[in-house]
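The opening residue of the sequence shown carries number 0 in numbering that gives the first Met the number 0; numbering runs sequentially from there. In this text, a Cβ means the ideal position worked out from N, Cα and C, and glycines have one as well. See structure below.
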Amino acid sequence: MTETPPAGYRRPDGPEKLTGTARYAGDTTAAGLDPADHAALVTAAVPHARIASLDIEAALAAPGVTAVLTAADLPPMALETPFPLGQPLLPMHGGLAARVRYEGQPLAIVLAATGEQARYAARLVRAEYDRTEQVRAFEGAEDAVPRVNITPPEEERGDLGAGLAAAHTTVRETYETADRHHNPIEPSATHARWEGDRLTLHDSVQSITGTRDALAAVFGVRPEDVRVICPFTGGGFGCKGFVWPHQVLAAAAARAVGRPVKLVLTRAQMFTACGHQPRTRQTVTLGADEEGRLTALEHRSVNASALDGDHGEETTPGSTWMYASPAIRVRRRVRHLTRAMPTPMRAPHEGPGMFALECAMDELAWATGLDPVELRLRNEPEADPMSGLPFSSRKLRECLRTGAERFGWAERANRAPEPRSWREGDELIGWGMAAATMETFPPGPTLARVGVDRGGRIMVEAATEEIGTGQPAMIATIVGEVLGVRPEEVRRLEWGDSDLPDTPITAGSTSTMGLGSAVHAAAVKLRGMLETGDRPGAGEELVAEASWRPDTTERAGYSTHTYGAVFAEVRVDEQLGTVRVARCTGVYAAGRIVNPLAARSQMTGGMAWGIGQALLEDSRFDERFGRFTSKNLAGYVVPVNADVPPPSALDVSFVDDHDPVASAIGAKGIGELGAVGVAPALVNAVYHATGVRVRRLPVSVPDLVG
Ligand code: MOS
0 MTETPPAGYR RPDGPEKLTG TARYAGDTTA AGLDPADHAA LVTAAVPHAR
50 IASLDIEAAL AAPGVTAVLT AADLPPMALE TPFPLGQPLL PMHGGLAARV
100 RYEGQPLAIV LAATGEQARY AARLVRAEYD RTEQVRAFEG AEDAVPRVNI
150 TPPEEERGDL GAGLAAAHTT VRETYETADR HHNPIEPSAT HARWEGDRLT
200 LHDSVQSITG TRDALAAVFG VRPEDVRVIC PFTGGGFGCK GFVWPHQVLA
250 AAAARAVGRP VKLVLTRAQM FTACGHQPRT RQTVTLGADE EGRLTALEHR
300 SVNASALDGD HGEETTPGST WMYASPAIRV RRRVRHLTRA MPTPMRAPHE
350 GPGMFALECA MDELAWATGL DPVELRLRNE PEADPMSGLP FSSRKLRECL
400 RTGAERFGWA ERANRAPEPR SWREGDELIG WGMAAATMET FPPGPTLARV
450 GVDRGGRIMV EAATEEIGTG QPAMIATIVG EVLGVRPEEV RRLEWGDSDL
500 PDTPITAGST STMGLGSAVH AAAVKLRGML ETGDRPGAGE ELVAEASWRP
550 DTTERAGYST HTYGAVFAEV RVDEQLGTVR VARCTGVYAA GRIVNPLAAR
600 SQMTGGMAWG IGQALLEDSR FDERFGRFTS KNLAGYVVPV NADVPPPSAL
650 DVSFVDDHDP VASAIGAKGI GELGAVGVAP ALVNAVYHAT GVRVRRLPVS
700 VPDLVG
């Protein structure tokens with residue numbers, strides 16, 4: 000590519016990753032750690048049963064096997080602290096010692112000299128089930144009010160009935176998003192070692208400190224007696240955010256046998272062991288007056304959850320702050336089904352939610368004859384439409400205008416004013432757009448340490464894990480800025496260890512805000528010390544530690560979110576019904592952008608992710624047997640380079656923004672925003688190309704040629 004990359008600091012951890020010297024949780028044996036027993040999980044093949052018997056004899060006799068552990072063999076475990084556990088029940092413990100509540104539930108742990116031997120022997124364990132209960136399918140299941148919520152499951156302002164009665168045009172449609180799985184390149188892996196009551200865990204996580212605290216609570220030891228090490232996480236996307244049973248079971252097995260244990264999940268186990276994004280069904284009703292101004296907006300949503308777990312996919316909050324309307328009502332429900340527990344997946348909530356809202360807005364644009372950019376501009380609120388609070392910063396207008404200009408959107412009205420009116424050879428061409436938004440979650444309290452030695456070498460310490468987002472580069476950029484040096488000169492970055500200063504979960508697009516503000520505060524403190532004449536002694540370091548957390552009182556006075564506008568061109572083969580994305584423009588407003596180079600990469604990654612959501616990703620679930628059926632990357636298709644336009648056709652930019660309410664450094668988060676808005680822009684483009692309105696993701700060939 001001839002394109003000039005944006006300015007910014009290249010990842011200092013890049014060379015290690017590219018040369019294969021970066022160590023991941025599964026690499027601990029290679030890293031010279033003490034030899035471990037290799038573990039494999041025996042998992043339930045049915046989703047709902049009583050365990051009649053478990054025959055472990057054949058497995059015990061298999062080559063290399065050192066132990067086969069069942070529930071009775073495990074040490075005492077407690078589950079008083081549900082968060083940050085990914086699901087409320089622990090397999091091989093309590094009620095799940097004798098019952099199966101989801102497919103893939105661990106029933107036994109096989110330990111052997113090698114991973115291959117353990118996995119082979121795990122297949123020899125025979126479970127007999129009494130299948131007394133029915134599998135509960137999505138259709139026909141009862142709608143339940145979600146009990147675990149970040150935002151209220153029901154919100155209402157104004158008179159919806161009156162708003163709809165006053166409407167000149169009404170759109171009421173139902174949209175569906177698919178079950179999806181995170182599929183990080185690195186499967187979850189845990190290496191656990193006990194020394195007395197002290198536990199050391201090499202793990203693949205999005206929260207070193209959360210994992211430490213959860214395991215300490217489960218095993219009844221002090222958090223300071225648990226050390227979690229994770230410098231690199233090979234992708235998480237949410238499935239390594241909470242603590243899942245396999246991590247607890249690996250530590251329990253190590254405690255039971257008194258030797259280190261290493262467990263690496265198989266790709267198939269990743270489909271039931273650590274969450275998924277559950278399917279949703281959403282109905283959006285929009286009423287608008289003759290000028291296209293909304294008179295009513297209703298968004299209802301239901302998602303699949305587990306029998307014992309309450310993951311509500313919070314699709315509706317975006318609808319409470321996106322558009323001005325005198326009447327807004329949102330309502331969410333969950334269905335408790337015989338399936339493994341869902342969990343947040345990039346971008347949770349607004350990812351599926353904005354698909355429904357932004358497709359409905361496109362339908363309203365066609366119904367009113369208004370340009371979809373203009374329709375959105377006409378409905379820009381001056382304050383949060385539900386809460387009435389002022390926006391701390393909201394630059395959606397700028398995103399829409401800049402995006403339209405960069406993409407050349409105005410041309411659509413001349414070139415192809417009607418759906419299915421633009422063709423080149425066998426291809427139908429369409430342009431579509433959508434707005435994007437994401438919750439700006441307040442990060443948890445964050446600690447960081449910044450120091451300098453006599454030689455002027457700068458070091459930074461924080462527990463955090465690098466999950467691929469570019470945190471080391473972000474940290475070095477901020478510290479360098481405060482201390483007046485280039486980021487390259489911030490050489491000693493220490494992270495990935497719970498013995499370092501506490502940082503919260505790397506999730507919810509919060510790390511730049513939280514960790515960025517904490518290292519900023521520590522660097523400012525260090526600069527102050529240097530300015531007042533403090534100097535490190537010989538062989539010493541002058542060190543400043545600081546913590547940062549958002550001012551919750553100030554935050555409560557504002558509506559704080561990130562925004563974007565996405566424009567896309569698709570080319571649809573009329574005979575084959577295949578959709579190719581030709582180009583995509585995204586313009587975002589997300590507070591201060593610390594490292595434009597990494598930020599561009601984050602947003603193009605979000606575009607690829609959105610292409611997956613719109614066109615490919617669909618985890619097939621067999622409702623009769625309560626099983627996910629496609630448990631590998633042949634049966635579950637994710638975008639590869641051939642599905643994604645080249646970098647020169649992915650146009651990412653940011654509007655100037657600075658949000659001091661969101662964080663001390665003016666940044667909001669971008670990790671998830673980029674994955675919002677792409678799917679509706681593509682589906683709206685498919686409509687423009689073909690005249691076919693797809694309301695169920697992913698778009699499939701039969702949608703377009705059937
Ligand atoms: Mo993200 S789904 O908050 O890891």
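query                                                                                                       : result
H245 and L53 closer than 8 Å at C-beta                                                                      : no
Collapsed DSSP secondary structure at R692 in the structure displayed                                       : coil
C-alpha distance - L59 paired with L264, whole-angstrom precision                                           : 20 Å
Cβ-based neighbour list, F406, same chain, cut-off 7 Å, excluding 5 preceding and 5 following               : F566 and T584
E671 Cβ short of 7 Å to ligand 1 heavy atom set                                                             : yes
Contacting residues, own chain, Cβ-Cβ under 8 Å from D224 (five flanking each side not counted)             : D196, R197, L198 and A215
Cβ-heavy atom distance, G507 to ligand 1, below 7 Å                                                         : yes
T169 versus M437 - alpha carbon distance                                                                    : 26 Å
Close beta carbons around A678, own chain, < 6 Å, minus the five adjacent residues each side                : F354, G609, Q612 and A613
Paired residues, beta bridge with M432 - DSSP                                                               : F566
Backbone CA spacing between G658 and H298 [nearest angstrom]                                                : The identity of residue 658 in the sequence shown is Asp, whereas the question assumes Gly. Roughly 28 Å separates the two Cα atoms.
As assigned by DSSP and simplified to three states, the class of T1                                         : Because T1 sits at a pLDDT of 46, beneath the cut-off of 50, its placement in the model cannot be relied upon, and the following sentence gives the value as read from the coordinates. T1 falls in the coil class under three-state DSSP.
Beta-carbon proximity of V256 to A66, cut-off 8 Å                                                           : yes
Residue burial classification, E357 (beta-carbon count within 10 angstroms, cutoff 16)                      : buried
7 Å Cβ shell around G515 - same chain, five flanking residues per side excluded                             : M473, I477, V593, S662, I664 and A666
S304, buried or exposed, once every other Cβ within 10 Å from all chains shown has been counted against 16  : buried
G690 vs A506 beta-carbon contact at 8 Å                                                                     : no
Q470 beta carbon near ligand 1 (any heavy atom closer than 7 Å)                                             : no
Helix, strand or coil at A251 according to DSSP, with G and I counted as helix                              : helix
heavy atom of ligand 1 below 7 Å from P347 C-beta                                                           : yes
Delimiting residues of the alpha helix (DSSP H) encompassing K524                                           : S510 to E530
Proximal residues to L95 (C-beta, below 7 Å), its chain only, five neighbours per side dropped              : L88, L89 and Q104
Alpha carbon of A48 to alpha carbon of F624, nearest angstrom                                               : 12 Å
Status (buried if at least 16 other CB within 10 Å, exposed otherwise) for Q133                             : exposed
Start-to-end residues for the alpha helix (DSSP H) that takes in P595                                       : P595 to I610
Ranges of the alpha helix (DSSP H) found wholly within the region 128-212, counting only runs of at least 4 : 159-164
CB contact flag (G668, M512, <8 Å)                                                                          : yes
N-terminal and C-terminal residue of the alpha helix (DSSP H) that A66 is part of                           : That residue, A66, is in no alpha helix (DSSP H); its beta strand (DSSP E) goes V64 to L68.
Local conformation of G274 per DSSP, three classes                                                          : coil
beta-carbon G237 near ligand 1 non-hydrogen atom, thresh 7 Å                                                : yes
Three-state class that DSSP yields for A581 in the structure shown                                          : strand
Status (buried if at least 16 other CB within 10 Å, exposed otherwise) for D36                              : buried
A633 versus H560: straight-line alpha-carbon distance, rounded                                              : 37 Å
Through-space distance from G31 to G676, alpha-carbon basis                                                 : 45 Å
Simplified DSSP state of Q470, which is helix, strand or coil                                               : helix
R10 versus A597: straight-line alpha-carbon distance, rounded                                               : 8 Å
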